[in-house]
Amino acid sequence: MTAVAVETSEPGHEADAHAADAHGHPPTNTGLSNDKVAMWAFLGSECLLFGALISTFFLYRSRAPLGTVKPHDVYDIPFTSVSSFILLMSSLTMVLALSAFNRADSRRAMIWLSATALLGATFLGGQIYEFTVFIREGMTMKTNPASSAFYVLTGFHGTHVGIGVLMLLILVILIAKGRLSPARAETIEIAGLYWHFVDVVWVVVFTVVYLLPL
Amino acid sequence: MTTTHAAPAADEHDEHDDHPTEKKYWVIALILGVITAVEVALSYVDLGNAVAPLLLIGMVMKFFIVASYFMHLKFDSKMARRLFISGLSLALFCYLALFMMFRQFGPRDDRQDIDLIETGVPQR
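Which chain is which? The protein sequence lines are A and B, in order.
The opening position of the first sequence corresponds to residue 461 in the numbering used here, with each subsequent residue numbered one higher.
The opening position of the second sequence corresponds to residue 11 in the numbering used here, with each subsequent residue numbered one higher.
1. Please list the partners that residue 514/A has in chain B, where partner means a Cβ-to-Cβ separation under 8 Å.
2. With 16 other CB atoms within 10 Å as the buried threshold, where does residue 604/A fall?
3. Closer than 8 Å by beta-carbon distance: list the chain A residues that pair up with residue 62/B, in chain order.
4. Which two residues bound the contiguous alpha helix (DSSP H) that contains residue 32/B?
5. Please classify residue 54/B as buried or exposed, where buried requires at least 16 neighbouring CB atoms within 10 angstroms.
6. For residue 656/A and chain B, any beta-carbon pair shorter than 7 Å?
7. For residue 58/B, would you say it is in contact with chain A, using Cβ-to-Cβ distances shorter than 7 Å as the test?
8. Which one of 670/A, 654/A, 608/A has the shortest CA to CA distance from residue 76/B?
9. Could you check what DSSP says for residue 535/A in three-state terms: helix, strand or coil?
10. Can you name, in chain order, every residue of its own chain whose Cβ lies under 8 Å from the Cβ of residue 61/B, other than the five neighbours on each side?
11. Output needed for residue 573/A: all residues of its chain with C-beta closer than 7 Å, excluding positions within five of it in sequence on either side, in chain order.
12. If you draw a straight line from the alpha carbon of residue 531/A to that of residue 602/A, how long is it in whole angstroms?
13. Excluding the 5 residues flanking residue 106/B on each side, which residues of the same chain have their C-beta closer than 7 Å to its C-beta?
14. If residue 68/B sits next to residue 667/A, beta carbons under 8 Å apart, how far is it from one beta carbon to the other, in whole angstroms?
15. How is residue 530/A classed by DSSP in three states: helix, strand or coil?
16. Taking 8 Å as the threshold, find out whether the segment 507-526 of chain A comes into contact with the segment 604-623 of chain A through three or more Cβ pairs.
17. Please state whether the Cβ-Cβ distance between residue 543/A and residue 50/B is less than 7 Å.
18. Along chain B, in chain order, which residues have C-beta atoms closer than 8 Å to that of residue 544/A?
19. Determine the extent of the alpha helix (DSSP H) in which residue 93/B is found, giving its start and end residues.
20. Can you give me the start and stop residues for the alpha helix (DSSP H) that residue 506/A sits inside?
21. Return helix, strand or coil for residue 57/B, following the three-state DSSP convention.
22. Which residues in chain B sit within 7 Å of residue 549/A, going by Cβ to Cβ distance?
23. Strictly under 7 Å for the Cβ-Cβ distance: is residue 504/A near chain B by that measure?
24. Please list, in chain order, the chain D residues whose beta carbon lies closer than 7 Å to that of residue 527/A.
25. Counting only beta-carbon atoms, is residue 631/A nearer than 7 Å to chain B?
26. Less than 6 Å between C-beta atoms, sequence neighbours within five positions excluded: which residues of the same chain meet that for residue 555/A?
27. Just curious, the alpha helix (DSSP H) that residue 570/A is in, first and last residue?
28. Please identify, using Cβ separations under 7 Å, the residues of the segment 557-572 of chain A that lie next to chain B, in order along the chain.
29. Would you kindly check if the distance between the Cβ of residue 584/A and the Cβ of residue 621/A is under 7 Å?
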């Protein structure tokens, strides 16, 4: 393992905080930009948050007084499967957006980013509809510990999707206004990391919460 | 003013240039879709105790496919991988610790949970 010293002059560094060396690596000790390291560290901490929420749901999923509606009584698996597929496909459109932006094809990047935001919003709409149906069928947040754990877990995930959709729309606006050039493609990559993480969390939630038998 | 930064070791980034092509992304998405369809089908088929492990295998496969290819973890720096895996390992530890705490690995009686909620006292 060899470490090579790379010299960067401060004015140039200020001009482009994301300047890369001759090999395309950012001028940091880690070879990754600080923004990207921060996002990975954030995602690592998010694993803990969702790990705790999923564990809580798993522990409480059968805890309900007799006669009250449990989450497993009201699930609509075909509907949630379609929602899950939509969210999975949004990860595809996200990587296609990054790929287009890396090729300096801003127009196509905007199309794919908008498609990702649309798919995310569709998933969110589906979740809101699902919650409405569950409440109508008698399963509210306060019905029993199982329902509370269900709403907290899926609600937290939905909030993350909502934040992701906002992030994507902001990126589309920035590209449209010319304030985000392909030279700063890493911004899209970092937003993409967040979006894919939201997707992998749903992969776990869908299996553990909806599909695993009691 | 000139600042000096140590560049990363070459072996940390050797895989960088190997990013999948757009065609490969479509194939990966197709595989993910197929796994999801199989998972949903499994939840309707009565395979007894085999359903849960099969669903979990499907889940782990999808998780690692998305993390490796879409999040580029397979091609990115080792540091990114370490950061993510540390969080993931801690989360798994948290999950297992909770299970141990609630004695989920031992014999379990759902009836006790229900009684606990209704009366506040576990019934024997």
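Cβ atoms here follow ideal geometry from the backbone N, Cα and C, with glycine treated the same way.
Concretely, from the data shown:
1. 105
2. buried
3. 672, 673
4. 32-54
5. exposed
6. yes
7. no
8. 654/A
9. coil
10. 52, 53, 55
11. 557, 628, 631, 632
12. 12 Å
13. none
14. 7 Å
15. coil
16. yes
17. no
18. 46
19. 88-111
20. 494-520
21. coil
22. 39
23. yes
24. Of the protein chains in this structure, namely A and B, none is chain D.
25. no
26. none
27. 566-596
28. 559
29. yes
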